[in-house]
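As you go down the protein sequences, you meet chains D and A in turn.
The first sequence lines up with residues 17 to 146 when you count with my numbering.
The second sequence lines up with residues 4 to 138 when you count with my numbering.
Think of the CB as a built atom: it goes at the ideal place given N, C-alpha and C, for glycine as much as any other residue.
Just so you know, these numbers come straight off a predicted model, no measurement behind them.
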Amino acid sequence: MKLTIQVNEGPYQHQSSDTAYFFTKAAIEKGHEVFRVFFYHDGVNNGTRLTTPPQDDRNIVKRWTELAQEHNIDMVLCVAAAQRRGLVDEGEAQRNGKDATNIAPGFRISGLGQLVEGGIQSDRLVVFGD
Amino acid sequence: MSDTKKFMYINRKAPYGTIYAWESLEVVLIGAAFEQDVSLAFLDDGVFQLTRGQDTRGIGMKNFSPTYAALGDYEINKIYVEKESLEERGLTLDDLQHLVWEDEDEDYAEKDSIRLVSRTELGDLMAEQDVLFNF
């Protein structure tokens with residue numbers, strides 16, 4: 017089955033992004049295709065490479081990055097949500113005159129159309145978080 | 004993209020207290036370009052999103068409620084409001100904005116976009132959808 021995953025919560029405060037990660041991983045291991053993981057609302061905070069969780073805790077961002085690289089998953093941060101919350105890649109930094117970037121490897125920033133396209137192209141859109 | 008799917012955007016939260024109402028509307032407006040069969044549902048505190056006379060000056064946020072009136076221009080004309088949610092909050096249709104769309108097939112006659120439905124009817128409508136966005 018072809019799936020698009022939508023993640024609406026940031027890391028650590030809520031379990032949603034952990035659950036989304038384990039669901040995505042399990043789906044791939046079961047042989048399903050993940051068309052895209054789309055991060056919206058506070059979910060875009062899953063894509064900052066600047067997080068430094070304690071060493072004895074899980075690193076949620078790194079976990080997403082590794083999953084994306086291992087299985088070639090398209091992981092998209094919504095641009096409007098990312099701009100509001102300070103998630104920046106090279107292009108966004110230039111466009112908006114910012115002095116730094118913080119996007120983690122494996123993520124890219126793009127528009128909400130990518131979410132709608134995920135809904136159209138996939139057999140199921142699975143949403144995590146409020 | 005040739006295949007058309009039934010998309011329903013479900014709005015459950017009051018505006019301004021959280022960003023969900025506005026970020027839902029952003030998906031709706033972008034999604035309109037994809038020419039799918041789109042409907043919106045307002046239930047629980049989400050019915051407050053459509054109330055008329057919103058004034059946000061006191062909280063320093065943008066009043067985005069006029070945007071709902073533009074939905075008709077995006078050919079979004081199925082706006083379901085759950086009857087029970089309105090009643091539970093002491094609201095009636097008169098407390099909501101009068102949202103309309105123009106029917107091309109009937110010489111651009113102005114028609115109401117809001118359809119009052121019961122909880123059961125809304126459940127049936129949700130069951131018919133291909134994609135549900137829940138905000």
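Across the structure, G63(D) and A116(D) are spaced so that their CA atoms are roughly 15 angstroms apart.
Contact annotation: A98(D) and V60(D) have beta-carbon atoms nearer than 8 angstroms. Taking a C-beta cut-off of 7 angstroms against chain A, none of the residues of the stretch 21-42 of chain D qualify. The alpha-carbon of Y111(A) is positioned some 21 angstroms away from that of A36(A). Against chain A, a Cβ distance below 8 angstroms from A97(D) picks out E26. Counting of Cβ neighbours within 10 angstroms places G20(A) among the exposed residues, the total staying below 16. Contacts with chain A (Cβ-Cβ distance below 9 angstroms) from the stretch 49-78 of chain D involve Y56, H57, D58, listed in chain order. Shown here, M11(A) sits in a strand according to DSSP, grouped into three states.
In the three-state reduction of the DSSP assignment, A112(A) falls in the strand class.
For F67(A), the nearest beta carbon of chain D is not closer than 8 angstroms to its own beta carbon.
By the rule that beta-carbons nearer than 8 angstroms mark a contact, G127(D) touches chain A. A direct Cα-to-Cα measurement between M129(A) and M64(A) gives close to 32 angstroms.
Y28(D) has its alpha-carbon roughly 14 angstroms from the corresponding atom of D72(D). Annotation: G102(D) has no Cβ neighbours in chain A at a cutoff of 8 angstroms; minimum Cβ distance is about 14 angstroms. The beta carbon of A17(A) sits closer than 6 angstroms to the beta carbons of D48, F51 from its chain, once the five residues preceding and following it are set aside; these are given in chain order. Between A44(A) and I13(A), the gap from beta carbon to beta carbon is short of 8 angstroms. Cβ-Cβ separation between V92(D) and R52(D): approximately 6 angstroms, consistent with a contact (criterion under 8 angstroms). With contacts defined by Cβ atoms closer than 8 angstroms, C94(D) and F39(D) do not form a contacting pair. For A24(A), the uninterrupted alpha helix (DSSP H) run begins and ends at 23-34, by DSSP.
Contact with chain A is found for L131(D), since one of that chain's Cβ atoms lies less than 8 angstroms from the residue's Cβ. By the C-beta density criterion, N112(D) is exposed, having fewer than 16 other C-beta atoms within 10 angstroms. Y83(A) carries a strand assignment under DSSP once its states are collapsed to helix, strand and coil. Secondary structure at E78(A): coil, using DSSP grouped into helix, strand and coil. Within the same chain, F67 come within 6 angstroms of W25(A) by CB-CB distance, once the 5 residues on both sides are set aside.
For E105(A), no alpha helix (DSSP H) run applies; the uninterrupted beta strand (DSSP E) run containing it begins and ends at 103-106, by DSSP. With a threshold of 16 other beta carbon atoms within 10 Å, A120(D) meets it and is buried. R140(D) has L19(D) as its beta-bridge partners, per DSSP.
DSSP assignment within the stretch 89-145 of chain D yields the following whole alpha helix (DSSP H) runs of 4 residues or more, N-terminal first: 95-101, 106-112, 129-137.
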